[in-house]
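Chemist:
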Amino acid sequence: MTVKVSMFKEGDEKTWLQIVNASIIGLERKPLKLEDIEKSKKSPYFDPKGVFFAYVKTKPVGLCCVTSGAFFEVEKGYITSFHILPEYRGTKIENVLHKKAVNYLKSKGLREVEANFSDDESYLQRFFSSLGYRIHRVYLIMKRNLQTVPFSKAVQSLRIQPLKKSQLQLFVDVANKAFSDAFSYYDFEPATVKELKQQMQMHNVAYDDIKIAFLKGEPIGYVYTSKDNVAGIGVVREHRRKGIASALLLEGLRHLHHKGSKEAFTGVNEQNKPAVNFFIQHGFQESKKLVFMRKTLKTSLQTQTERREI
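Residue numbering for the sequence shown is 9 to 318, as defined by this note's numbering.
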């Protein structure tokens, strides 16, 4: 079997769509649409040189997308999408496509690669395990019905207000402080105002979709919503366990309900038991899991050094 791998070029969008939708048949997924691909292309993290297609003769049979850089750990590459048509799984196509993508990440000097996929894609876990990837973390996607959202208990001197344009740096500072010590198994990289603006633009997040909590005038927490997602929530360490996180979450849920959402989703690391229990206590249930696997990359320079040492 001869496998050809080519890089993305304008006009390949329908091929992209064809591969993804054929590979998710039988899974609980919404079909990919051309508008989804166009949105991805507008992302500041989209790298057209990191999108690879695998062909057998002229038939498109696989897709791999990788990225790195802004808003991600600097020295790490990410396999954000890996799709093989069912009838071609377990063949050399997976290896050829993966090698092409990883060599591209190596050429950028990256030292580690991380792949993520849904836990119902067991063939991907077997494939990546066979290449030496190891599970780094498991991410729970949780959901909650928004038919009724209660009000939280009053917290004295607490004020929650929508983000103002002049408060972007303040929000970034609060989010970094609240998130940096949340859990050691997440590779925390401080966010910047530039990255926040990019995220807001990419996901059509308005200023009132982000709320900041002030206690006696001091910014101490936040909740960040996007479409039907509670995309982020945090409280600085010294003000936790005071009911502030509950107040922020319920404020965010009411905001989503007011904008017309019927359900709210959120994501949390499975290992972060306090956070998982927090969302369960507020009516969330597990919907699915995302598995994150990692592997250290050897650059060509490292390989040459090892050979000289031998």
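Cβ atoms here follow ideal geometry from the backbone N, Cα and C, with glycine treated the same way.
To the nearest angstrom, how far is it from the Cα of G85 to the Cα of V110?
Modeler: One-based indexing of the sequence shown puts residue 85 at position 77. One-based indexing of the sequence shown puts residue 110 at position 102. Rounded to whole angstroms, G85 to V110 spans 8 angstroms at the Cα level.
Chemist: For H266, collect the residues of the same chain with a Cβ closer than 7 angstroms to its Cβ; drop the 5 residues on either side in sequence, then sort them by chain order.
Modeler: The residue labelled residue 266 in the question sits at position 258 within the sequence shown. Within the same chain, H266 has no close Cβ partners at all.
Chemist: Measure the alpha-carbon distance for S48 versus G275 and round it to whole angstroms.
Modeler: Taking the sequence shown and counting its residues from 1, the one referred to as residue 48 is at position 40. Taking the sequence shown and counting its residues from 1, the one referred to as residue 275 is at position 267. Cα-Cα distance, rounded: 20 angstroms.
Chemist: Spatial neighbours of K100 within its chain, please: CB distance less than 8 angstroms, with the 5 preceding and 5 following residues excluded, ordered by chain position.
Modeler: If you number the sequence shown from 1, residue 100 lands on position 92. Closer than 8 angstroms at the Cβ level, and outside the excluded window around K100, lie M9, V11.
Chemist: Quick one: what does DSSP say E226 is sitting in, helix, strand or coil?
Modeler: Within the sequence shown, the letter at position 218 stands for residue 226. Reduced to three states, the DSSP call for E226 is strand.
Chemist: Out of T156, T75, S14, Q133, point me to the one whose CA is closest to K270's CA.
Modeler: Locating residue 270 in the sequence shown gives position 262, where the first residue counts as 1. For the residues T156, T75, S14, Q133, the minimum Cα distance to K270 belongs to T156.
Chemist: For a quick check, are the C-beta atoms of V238 and I228 less than 8 angstroms apart?
Modeler: For this step, residue 238 is matched to residue 230 along the sequence shown. For this step, residue 228 is matched to residue 220 along the sequence shown. No, the Cβ-Cβ distance between V238 and I228 is not below 8 angstroms.
Chemist: Among R262, E129, A123, whose alpha-carbon lies nearest the alpha-carbon of R142?
Modeler: Taking the sequence shown and counting its residues from 1, one reaches residue 142 at position 134. Checked all of R262, E129, A123; the closest Cα to R142 is A123.
Chemist: Which value, in whole angstroms, describes the spacing of the CA atoms of T233 and V163?
Modeler: Here residue 233 refers to the residue found at position 225 when the sequence shown is read from its first residue. Here residue 163 refers to the residue found at position 155 when the sequence shown is read from its first residue. When rounded, the distance between both Cα atoms is 22 angstroms.
Chemist: Is the beta carbon of L204 within less than 7 angstroms of some heavy atom of the ligand HEM?
Modeler: Annotation note on the ligand HEM: not contained in the displayed structure, which lists no ligands.
Chemist: Looking at V28 and L105, is the spacing between their C-beta atoms short of 8 angstroms?
Modeler: For this step, residue 105 is matched to residue 97 along the sequence shown. For this step, residue 28 is matched to residue 20 along the sequence shown. Inclusion of L105 and V28 in the CB contact set at 8 angstroms is not warranted, their separation being larger than that value.
Chemist: Can you check which of these residues, K306, F300, K296, M301, is closest to E36 by C-alpha distance?
Modeler: Counting from one through the sequence shown, the residue named residue 36 turns up at place 28. Checking every option, the nearest Cα to that of E36 belongs to K296.
Chemist: Considering only C-alpha positions, which residue in the set R152, L139, K224, Y215 is nearest to Q175?
Modeler: For this step, residue 175 is matched to residue 167 along the sequence shown. Nearest of R152, L139, K224, Y215 to Q175, Cα basis: Y215.
Chemist: Starting from Q26, follow the alpha helix (DSSP H) in both directions and report where the run begins and ends.
Modeler: As a first step, residue 26 is located in the sequence shown; it is residue number 18 there, counting from the start. Looking at the DSSP string, the run of the alpha helix (DSSP H) that includes Q26 is 21-31.
Chemist: Taking Y131 as part of the alpha helix (DSSP H), name the residues at either end of that continuous run.
Modeler: The sequence position of residue 131 within the sequence shown is 123, counting from 1. First-last of the alpha helix (DSSP H) with Y131: 130-138.
Chemist: Bridge partners of L148, per DSSP?
Modeler: As a working mapping, residue 148 is identified with position 140 in the sequence shown. DSSP output for L148 lists V276, K297 as bridge partner(s).
Chemist: Suppose you measure from the CA of F16 to the CA of I168; what does that come to, to the nearest Å?
Modeler: What you label residue 16 is simply residue 8 of the sequence shown in a count that begins at 1. What you label residue 168 is simply residue 160 of the sequence shown in a count that begins at 1. Approximately 45 angstroms between the Cα atoms of the pair.
Chemist: Cβ of K151 within 8 angstroms of Cβ of Q293?
Modeler: Position 143 of the sequence shown, counted from the first residue, corresponds to residue 151. Position 285 of the sequence shown, counted from the first residue, corresponds to residue 293. Yes, these two residues count as a Cβ contact at 8 angstroms.
Chemist: Would E43 be called buried (16 or more neighbouring beta carbons within 10 Å of its own) or exposed?
Modeler: As a position in the sequence shown, residue 43 is number 35, starting the count at 1. Exposed, since its Cβ has fewer than 16 Cβ neighbours within 10 Å.
Chemist: By Cβ distance below 6 angstroms, which residues in the same chain neighbour G70 in space, the five residues on each side in sequence not counted?
Modeler: As a first step, residue 70 is located in the sequence shown; it is residue number 62 there, counting from the start. Contacts found: A62, I92, I101, L105.
Chemist: State buried or exposed for S31, treating a residue as buried only when at least 16 other CB atoms are found within 10 Å of its CB.
Modeler: Sequence index remark: in the sequence shown, residue 31 carries index 23 (1-based). Classification of S31: buried, given that the 10 Å Cβ count is 16 or more.
Chemist: Is DSSP giving P198 helix, strand or coil here?
Modeler: Within the sequence shown, residue 198 is the residue found at index 190, counting from 1. Looking at P198 - three-state DSSP - the assignment turns out to be coil, as it is neither helix nor strand.
Chemist: Rounded to whole angstroms, what is the Cα-Cα separation between G268 and V180?
Modeler: Locating residue 268 in the sequence shown gives position 260, counting from the first residue. Locating residue 180 in the sequence shown gives position 172, counting from the first residue. Each residue's Cα considered, the two are about 27 angstroms apart.
Chemist: For Q206 and E83, I'd like the C-alpha separation in whole angstroms.
Modeler: As a first step, residue 206 is located in the sequence shown; it is residue number 198 there, counting from the start. As a first step, residue 83 is located in the sequence shown; it is residue number 75 there, counting from the start. Whole-angstrom Cα-Cα distance: 20 angstroms.
Chemist: Going by the beta-carbon positions, is the gap between L118 and S76 smaller than 8 angstroms?
Modeler: On the sequence shown, residue 118 is found 110 positions in, with the first residue counted as 1. On the sequence shown, residue 76 is found 68 positions in, with the first residue counted as 1. Taking 8 angstroms as the Cβ cut-off, L118 and S76 qualify as a contacting pair.
Chemist: Please name the residue in S254, H247, K224 whose C-alpha comes closest to that of S165.
Modeler: Taking the first residue of the sequence shown as position 1, residue 165 is located at position 157. The shortest Cα separation from S165 among S254, H247, K224 belongs to K224.
Chemist: Let me check one thing: in DSSP terms, what residues is G268 bridge-paired to?
Modeler: In the sequence shown, the residue the question calls residue 268 occupies position 260. Beta-bridge annotation (DSSP): G268 is not paired with any residue.
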